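In this note's numbering, the protein residues as written are 1 to 371. All residues carry an ideal CB built from backbone N, CA and C; glycine is no exception. Everything numeric in this text was worked out from a predicted model, so none of it was measured. Only one structure is covered here, and it is reproduced in the block below.
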């Protein structure tokens, strides 16, 4: 009889709002996993978090955590401008990291992460949990096997509402510390799921605007996308839409598949419409669904620990995350330059490699200085 594997030991850096979703997901996977320690510059907040989630050890910086704990994974749940330095620190300490979106503030930072990952052999993963819900995994399997026919058309909408007060948090709505607006921080989950189903995008033509919110960044963006397989899609990201919805529709040659939700879906949120004469596909679709389980961090964490336990590479790795982040950069570059942007075009010394704003935001009061 094989010896049971000891629990995976994880750390959490940052104990703000999103860290609670991580901790709740981790607790739901107990006793397979345990939270070994947490880090926050705010000791009172860290103590309250540790009390709530029954964590014994609290640290004031990541170096203390890495020096004192043996970790299988560290969760980086801090503001976006800290993601890259903390992930590099984790790699240097030999600890794989799971980073909240966006993984980095720019393509240049993503390439820096990739260089350190190559040196250390330690992976950096990104939280893109919508890929891992039962319905999305089932859709990916059916599409990958060719059962739905060729991908043709998609619609991807993240239409949310955030009041002015939402941006009172100092790091929100700023290019230098958040990286961008809803394209970077909100819609990215939806279009990442789109890419995981339809494949790699090849070109984008986009608009972006600041319609209402007191931000440096956009509060709306819209893009027309072509894929390498010649499928077409529209992608809309908004923070000024009172009727909030998250919607993805995939039209294949043999079926249309749509999901409507807000921050997480269940299998009941999906609809499947077979093409005339292919009604038997509806039964195939129904085979891979669960019931009432909301997609979230737990799905991705379970997949990560399954992969780590089997000695396999977990998702979502840097290559996939960079492809998604490159789309955000291309959206901004297309909008601000008024030109179609092709995959791979943003490279080298291009300003949009260094910063998502490219230093040419049209509504900026003065010419921006790149970070």
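Could you say which of 72, 109, 58, 27 lies nearest to residue 83 if we only look at CA atoms?
109
To the nearest whole angstrom, what separates the beta carbons of residue 297 and residue 127, a pair I think is in contact under 8 Å?
7 Å
DSSP on residue 369, reduced to helix/strand/coil?
Per-residue confidence for residue 369 stands at a pLDDT of 44, beneath the threshold of 50, marking its modelled position as unreliable; the derived number appears in the next sentence. If DSSP states are grouped into helix, strand and coil, residue 369 belongs with coil.
Cα separation between residue 232 and residue 57?
50 Å
Whole runs of the beta strand (DSSP E) within the region 213–273, excluding any shorter than 3 residues:
220–227, 232–238, 240–252, 255–261
Check whether residue 332 and residue 140 have beta carbons under 8 Å apart
no
Reduced DSSP category for residue 18 - H, G, I as helix; E, B as strand; rest coil
helix
My output table needs one value for residue 186: the three-state DSSP class, helix, strand or coil.
coil
Same chain, Cβ closer than 7 Å to residue 5, five either side skipped, listed in chain order
309
Assign residue 151 to one of three DSSP states: helix, strand, or coil.
strand
Residue 273: which of 206, 262, 294, 251 sits nearest, CA to CA?
251
From the DSSP output, which residues share a beta bridge with residue 372?
The structure shown does not extend to residue 372, since the chain spans only 1 to 371, so no value can be given for it.
Rounded separation between residue 328 and residue 184 - CA only
6 Å
Boundaries (first-last residue) of the beta strand (DSSP E) holding residue 9:
8–13
Would you decide whether residue 369 is buried or exposed? Buried here means 16 or more other CB atoms lie within 10 Å of its CB.
At residue 369, the pLDDT of 44 sits below 50, so the modelled position is not reliable; the number obtained from the coordinates is stated separately. Per the 10 Å Cβ criterion, exposed.
For a test of the three-state rule: what should DSSP assign to residue 175, helix, strand or coil?
helix
Within 10 Å of its beta-carbon, does residue 163 have 16 or more other beta-carbons around it, so buried, or fewer, so exposed?
exposed
Who are the Cβ neighbours of residue 55 in its own chain at under 6 Å, not counting the five residues just before and after it?
35, 38
Own chain, CB closer than 6 Å to residue 223, minus 5 neighbours either side, in chain order
204, 206, 235, 331
Closest Cα partner of residue 344 within the set 193, 202, 168:
202
Rounded C-beta distance between residue 9 and residue 69? I'm assuming under 8 Å.
7 Å
So, with DSSP's three-state summary, where would you put residue 109?
helix
Counting Cβ pairs closer than 8 Å, one from the region 251–266 and one from the region 284–299, do we hit at least three?
yes
I need the boundaries of the beta strand (DSSP E) containing residue 126, first residue and last residue.
124–126
So which of 356, 112, 219 has the shortest CA-CA distance to residue 175?
356
Can you give me the C-alpha to C-alpha distance between residue 119 and residue 157, rounded to a whole angstrom?
38 Å
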